[in-house]
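In the numbering used here, the protein residues as written are 1 to 396.
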Ligand SMILES: C[S@@+](CC[C@H](N)C(=O)[O-])C[C@H]1O[C@@H](n2cnc3c(N)ncnc32)[C@H](O)[C@@H]1O
Ligand code: SF4
């Protein structure tokens, strides 16, 4: 079955959904210029979950559905990128620094520079991001569900421009609350689970009973008809074969759309701790393919694979933009460096500073945390006893 993702005199982009996965077809004068990008995306989309709901094809919680105006904006932004104009595709707003958990890896650790953004300030950031070309707005934290006005923030996202997503620890996703989020327009929910073993998950997150509550929350979200994913941050110690198989069964039983696997980054409380080895990453990629073949349906998305140098490279400050709870603008949630505050400057101006910076205007390669220039010249110079994110003007 074919879904037209983009249609103009210069380019027609069609997603072809078959039992074997989703393929991409392009036509029109611009088609030959998309060669490499198309091949990469084609290879990636073949292995990721896809589902038809109504008249739309859903690929992953990472992308707007096809056809939709937000997806069209995403395609447009890729075309502009090819011409050298980079605008963010996803804006993530950390709507609060508060959280009931105390996770061993939490990147929000020390991210408490100044007062949290007010509702109107967040409305304004959303408007500015949509103006910049963003096609997905993600609400995170801290724990976004602790913000009483989260439904209103979601409602403020113009659905003709961007999809909306919440990333949550899942504890407060009651039936009524999830229904409310849906009514206010939330498209996707990702619930973070760090182990298929309830006791291990609860201990890692520092909250007894969290696994059970989060599982209930996932069920409620699936039942409410929100496209629901489980976000699994793979780290040494939770990505052996048995744990991954259990996660697949867990997600299958709950009817989640996608098990999104990303990898631990040595940021926040995980700074200085062990990350995945190359061999562990490869093993996860192999496992994903094997599960897709065995089940005849894709369930797993390797989000880290998409950001590898042989795919698109690091997204920080290129496809991603993050807003800290107090309004500081960062290239990525794992890069605790502020290029300005939206309470003082326009988002477009701050984004321009990120884009011009030598760390981000070079060809995207590995994650910033694997970039010696970032590690030696920036990360190391952030004082231990400071509030984050740390201003770039103190460093350059
Ligand atoms: C910062 S949390 C905020 C939303 C919510 N409180 C939650 O836990 O889902 C967003 C995601 O970042 C992940 N995360 C936190 N610290 C991380 C780290 N050091 N490396 C990779 N992912 C991390 C969490 O597991 C979660 O999936
Ligand atoms: S990772 Fe999420 S749930 Fe855990 S402490 Fe950080 S913000 Fe809270």
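Note that beta-carbon positions come from the ideal geometry of N, C-alpha and C, so glycine has one too.
Because the structure is a prediction, the values reported are computed rather than measured.
Straight-line Cα distance separating residue 340 from residue 25: Translated into positions along the chain shown, residue 25 becomes position 25. Translated into positions along the chain shown, residue 340 becomes position 340. Looking at the two C-alpha atoms, the distance is approximately 41 Å.
Hey, how far is the Cα of residue 236 from the Cα of residue 274? Stepping through the chain shown from its first residue, residue 236 is reached at position 236. Stepping through the chain shown from its first residue, residue 274 is reached at position 274. One C-alpha to the other measures close to 7 Å.
Could you tell me the alpha carbon to alpha carbon distance between residue 257 and residue 396, rounded to whole angstroms? Along the chain shown, read from residue 1 onward, the residue named residue 257 stands at position 257. Along the chain shown, read from residue 1 onward, the residue named residue 396 stands at position 396. Distance from the CA atom of residue 257 to the CA atom of residue 396, rounded to whole angstroms, is 44 Å.
Pull up the distance between the alpha-carbon of residue 291 and that of residue 86, whole angstroms please. Counting from 1 along the chain shown, the entry for residue 291 is found at position 291. Counting from 1 along the chain shown, the entry for residue 86 is found at position 86. For residue 291 and residue 86, the distance between alpha carbons rounds to 35 Å.
Do residue 60 and residue 228 have their beta-carbon atoms positioned less than 8 Å apart in this structure? What you label residue 228 is simply residue 228 of the chain shown in a count that begins at 1. What you label residue 60 is simply residue 60 of the chain shown in a count that begins at 1. It is not a contact, given that the beta carbons lie outside the stated cut-off.
Can you find the residues in the same chain that come closer than 7 Å, C-beta to C-beta, to residue 374, ignoring five residues on each side of it along the sequence? For this step, residue 374 is matched to residue 374 along the chain shown. Only 359, 368 meet the Cβ criterion.
Reference residue 190, options 197, 135, 205, 218, closest by Cα: Numbered from its first residue, the chain shown carries residue 190 at position 190. Out of 197, 135, 205, 218, 218 has the C-alpha closest to the C-alpha of residue 190.
Please check if any C-beta of chain B sits within less than 8 Å of the C-beta of residue 29. Structure shown: chain B not included; a single protein chain is present.
Going by C-alpha to C-alpha distance, which of 68, 67, 88, 321 sits closest to residue 77? Here the question's residue 77 lines up with position 77 in the chain shown. When only C-alpha atoms are compared, the closest one is 88.
Would you check if the segment 102-119 and the segment 385-394 touch, i.e. whether three or more CB-CB distances between them fall below 8 Å? As far as the Cβ criterion goes, the segment 385-394 touches the segment 102-119, which means the pair count is three or higher.
Which residue's Cα is closest to the Cα of residue 175: 162, 214, 269, 148? For the purposes of this step, residue 175 is taken as the residue at position 175 of the chain shown. The shortest C-alpha separation from residue 175 is found at 214.
Assigned exposure category for residue 309 - 16 Cβ within 10 Å defines buried: Translated into the one-based positions of the chain shown, residue 309 becomes position 309. Label assigned to residue 309: exposed.
Below 8 Å, how does it come out for the segment 154-161 and the segment 62-79: are there three or more Cβ pairs, yes or no? The answer is yes - the segment 62-79 touches the segment 154-161, with three or more Cβ pairs under 8 Å.
Tell me which same chain residues have a C-beta within less than 8 Å of the C-beta of residue 119, skipping the five on either side of it? Start at 1 with the first residue of the chain shown, and residue 119 comes out as number 119. Answer for residue 119: 149, 152, 153, listed in chain order.
Name the DSSP bridge partner or partners of residue 111? Against the chain shown, residue 111 aligns to sequence position 111. Within the DSSP bridge table, the entry for residue 111 names no partner.
Less than 8 Å between the CB atoms is what I'm expecting for residue 304 and residue 281, so what's the real figure, rounded? Translated into the one-based positions of the chain shown, residue 304 becomes position 304. Translated into the one-based positions of the chain shown, residue 281 becomes position 281. Going by Cβ atoms, the distance from residue 304 to residue 281 rounds to 7 Å, so yes, they are a contact pair.
Cβ shell of residue 288 (< 7 Å), same chain only, five flanking positions each side left out: If you number the chain shown from 1, residue 288 lands on position 288. Counting only residues of its own chain and dropping the five nearest sequence neighbours on each side, residue 288 has a CB closer than 7 Å to the CB of 47, 300, 302.
On the criterion of 16 or more Cβ atoms from any shown chain inside 10 Å, does residue 286 qualify as buried, or is it exposed? Here residue 286 refers to the residue found at position 286 when the chain shown is read from its first residue. Residue 286 is exposed by the Cβ-count criterion.
Alpha-carbon to alpha-carbon, residue 36 and residue 336: For this step, residue 336 is matched to residue 336 along the chain shown. For this step, residue 36 is matched to residue 36 along the chain shown. Those two C-alpha atoms are separated by around 32 Å.
Quickly, what does DSSP pair residue 234 with across the bridge? List them, please. Within the chain shown, numbered from 1, the residue matching residue 234 stands at position 234. Residue pairing for residue 234: DSSP places it in a beta bridge opposite 263.
Determine, using beta-carbon pairs with one atom in the segment 311-330 and one in the segment 345-356, whether at least three such pairs fall under 8 Å. Enough Cβ pairs lie closer than 8 Å, so yes.
What did DSSP end up calling residue 2 once you bin it into helix, strand or coil? Walking along the chain shown from the start, residue 2 turns up at place 2. Of the three classes helix, strand and coil, the one that applies to residue 2 here is strand, per DSSP.
Sorted by chain position, which residues of the same chain lie with C-beta nearer than 6 Å to residue 29's C-beta, five sequence neighbours on each side aside? Sequence index remark: in the chain shown, residue 29 carries index 29 (1-based). Cβ neighbours of residue 29 beyond the five flanking positions: 10.
I'd like the span of the alpha helix (DSSP H) that includes residue 215, first residue to last. Sequence index remark: in the chain shown, residue 215 carries index 215 (1-based). Note, residue 215: alpha helix (DSSP H), 210-223.
beta-carbon residue 169 near ligand 2 non-hydrogen atom, thresh 7 Å: In the chain shown, residue 169 corresponds to position 169, counting from 1. Within the cutoff, so yes.
Let me know the beta strand (DSSP E) ranges lying completely inside the segment 255-326, each 3 residues or longer, listed in chain order. As for any beta strand (DSSP E) of minimum length 3 sitting wholly inside the segment 255-326, the runs are 258-263, 300-302, 320-323, ordered along the chain.
Determine, using beta-carbon pairs with one atom in the segment 235-254 and one in the segment 131-147, whether at least three such pairs fall under 8 Å. Contact between the segment 235-254 and the segment 131-147 is absent, because fewer than three Cβ pairs lie under 8 Å.
Based on Cα-Cα distance, which residue from 142, 234, 356, 4 lies nearest to residue 108? For the purposes of this step, residue 108 is taken as residue 108 along the chain shown, with counting starting at 1. Nearest to residue 108 by C-alpha distance, out of 142, 234, 356, 4, is 142.
So, for residue 56: in the same chain, excluding its five sequence neighbours on each side, which residues have a beta-carbon less than 6 Å away from its beta-carbon? The residue given as residue 56 occupies position 56 in the chain shown. Closer than 6 Å at the Cβ level, and outside the excluded window around residue 56, lie 65.
Residue(s) in a DSSP beta bridge with residue 136: Here the question's residue 136 lines up with position 136 in the chain shown. Looking at the DSSP assignment, residue 136 forms a beta bridge with 90, 163.
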